[in-house]
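In the working numbering, the protein residues as written are 136 to 303.
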C-alpha cells in the first residue's frame, strides 16, 4: 500500500530507511510515548524493527508504513486489524511537530481503514501526558472512550492510557 498526499508519502519500509529511522526516532520525547521504542534507539533496534517490517506479509489488509517527506523517513504509522476493527498508531520526527502532518496521517489511516479495509471501528491508545496526540485524534473525529489503567508497560513501569475510538 502506498498513499501519496501533497505533503508526505505513506509507504512500506525499505532496508535503506535504517539511517533515517535511527536519526529521527532516537529522541527521548518520541520514545517516552511509545511503548515499544527504547531510548537510546540503536542500530540493533533498527535492524530488529526493519527485519519484522520487511518480512511481514499482512493478510488482513493492515499495514505498518513509513512516513516520508522529501525522500526522508520522518515517522511511521500503522493500522493493525482485529476482526471488524483496527488499532492505529503514528510517530513523527520532532522537526515536523506542530505542522498538522500527524493530523493528516491519522486522516489517511482512517480513510484507508474505513474505506479499503471496510472496518467498522478504529481505536488508538495515547499515554496520558501526550496531549498533542490526543488532539490529533480528536481533530479526526475520534472520541475518548475512557482511561485504561496500567495498560502499557515500558521500562518496568505500567502506564495508564487514553482509549480513543471512531466508528463508522
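For every residue, glycine included, the Cβ atom is placed at its ideal position computed from N, Cα and C.
Every value quoted in this text rests on a predicted model; they were computed, and no experiment measured them.
Which residues in the same chain as residue 269 place their Cβ atom closer than 8 Å to its Cβ, once the five residues preceding and following it in sequence are excluded? 261, 279, 297, 299.
With a 10 Å radius around its C-beta and 16 neighbouring C-beta atoms as the bar for buried, classify residue 214 as buried or exposed. Its Cβ being crowded by 16 or more others within 10 Å, residue 214 is buried.
Let me know the secondary structure DSSP gives residue 287 once reduced to three states. In the three-state scheme derived from DSSP, where H, G and I count as helix and E and B as strand, residue 287 is classed as strand.
By the 10 Å Cβ neighbour count, where 16 or more other Cβ atoms means buried, how is residue 232 classified, buried or exposed? Looking at its Cβ environment, which holds fewer than 16 other Cβ atoms inside 10 Å, residue 232 is exposed.
From 253, 254, 204, residue whose alpha carbon lies closest to that of residue 237: When only C-alpha atoms are compared, the closest one is 204.
What are the partner residues of residue 297, as DSSP defines its beta bridges? According to DSSP, residue 297 bridges with 261, 282.
Exposed unless 16 or more other CB atoms sit within 10 angstroms - verdict on residue 302: Residue 302 sits exposed, since fewer than 16 C-beta atoms from the chains shown fall within 10 Å of its C-beta.
Please state whether the Cβ-Cβ distance between residue 185 and residue 212 is less than 8 Å. No, the Cβ-Cβ distance between residue 185 and residue 212 is not below 8 Å.
Separation of residue 198 from residue 290, as counted between CA atoms: Those two C-alpha atoms are separated by around 26 Å.
Alpha carbon of residue 163 to alpha carbon of residue 256, nearest angstrom: Rounded to the nearest angstrom, the two C-alpha atoms are 31 Å apart.
Please state whether the Cβ-Cβ distance between residue 146 and residue 137 is less than 8 Å. Yes, they are a contact pair.
Nearest-angstrom Cα distance between residue 295 and residue 285? The straight-line gap from Cα to Cα measures roughly 5 Å.
Which of the three DSSP states is assigned to residue 215 in this structure? Strand, per DSSP.
How long is the line joining the alpha carbons of residue 293 and residue 224, rounded to whole angstroms? Residue 293 and residue 224 have their alpha carbons spaced roughly 19 Å apart.
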